[in-house]
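Written out below as structure tokens is the structure these notes cover.
In the numbering used here, the protein residues as written are 48 to 373.
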């Protein structure tokens with residue numbers, strides 16, 4: 048059959064156009080798809096005036112000390128402190144809280160010897176230097192001031208100041224070791240370790256899942272101050288609770304004189320570090336529900352000509368037991 052040339056050309060044109068239209072439409076559809084938005088959550092601790100929280104602060108520590116002659120000394124310590132944190136003022140995300148260590152249960156074991164103390168049962172603390180680290184702050188309230196980003200900007204307290212001044216004024220009449228232990232138990236470092244639950248982990252800003260940030264962090268472990276930069280990561284959100292994980296290594300403060308069990312003189316810190324793995328739980332309302340930390344630390348100390356190494360494994364936790372109006 049004869050087909051006119053013009054009709055053939057028209058058919059070819061139609062087919063070609065059809066082939067060209069389909070890929071073009073597909074390409075337009077693909078290029079118009081936008082990536083899903085990244086969801087962010089504000090991670091910020093919130094203190095509300097007139098609201099108080101009660102925490103159980105626990106410590107379980109195991110220590111092994113190796114001397115230059117290869118002799119070994121070991122001991123274990125368990126401490127439970129009940130702490131109340133009361134917010135007295137919160138304005139423009141700057142908060143003032145009053146911290147009180149209400150009671151303490153203490154147990155120290157070395158070989159067959161056991162030293163224990165319960166502040167609600169025993170009339171007076173036992174004459175044991177290590178115990179003084181924990182009873183120095185007992186029932187002596189102090190105040191922490193927080194910035195919007197969870198940093199403690201001020202530590203204050205009339206009772207704390209009175210006892211600091213008293214010890215410093217009478218230091219000539221006191222044993223150097225004992226006065227140092229008492230002053231360190233009343234130091235800003237120890238007061239913040241006990242009463243500051245967030246440890247600068249909570250950023251006070253918006254963060255997305257799996258995002259990380261660097262912040263300052265300080266812990267006191269077996270009398271040693273470990274401080275430096277740490278990395279935290281926003282791990283999860285479940286049932287109204289944010290979970291933040293912290294994992295890093297903190298160097299020891301070398302300018303901090305130490306009391307070490309069974310050593311009668313103050314020890315000079317040479318070097319040390321602590322590997323810290325911690326998990327913090329923060330409610331959507333800004334309440335600090337819990338902080339659990341596992342710490343593996345080591346330091347080298349010197350007293351006289353003796354140089355020794357101390358290995359420390361410690362688990363420490365702050366757990367909210369109740370929240371109430373006061």
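In this text, a Cβ means the ideal position worked out from N, Cα and C, and glycines have one as well.
Item, Value
"Taking the CB atoms as reference points, tell me whether residue 207 and residue 189 lie closer together than 7 Å.", "yes"
"Starting from residue 242, trace the alpha helix (DSSP H) in both directions and tell me its first and last residue.", "235 to 242"
"Mark residue 291 as exposed unless 16 or more other C-beta atoms lie within 10 angstroms of its C-beta, in which case mark it buried.", "buried"
"Note the first and the last residue of the continuous beta strand (DSSP E) segment covering residue 162.", "160 to 165"
"What is the residue span of the alpha helix (DSSP H) that residue 176 lies within?", "176 to 182"
"Does DSSP put residue 219 in a helix, a strand or coil?", "helix"
"Compute the Euclidean distance between the alpha carbons of residue 248 and residue 107, then round it to the nearest angstrom.", "22 Å"
"If you run the structure through DSSP and keep just helix, strand and coil, what is residue 209?", "helix"
"How close, in whole Å, do the beta carbons of residue 255 and residue 85 come, if the pair is a contact with beta carbons under 8 Å?", "5 Å"
"Can you give me the C-alpha to C-alpha distance between residue 87 and residue 140, rounded to a whole angstrom?", "20 Å"
"Here's the rule I'm using: 16 or more other beta-carbon atoms within 10 Å means buried, otherwise exposed. How should residue 243 be labelled?", "buried"
"Do residue 150 and residue 129 have their C-beta atoms within less than 7 Å of each other?", "yes"
"Using the Cβ count rule (16 or more neighbours within 10 Å means buried), how would you classify residue 174?", "exposed"
"Can you grab the Cα-Cα spacing for the pair residue 329 / residue 288, in whole Å?", "6 Å"
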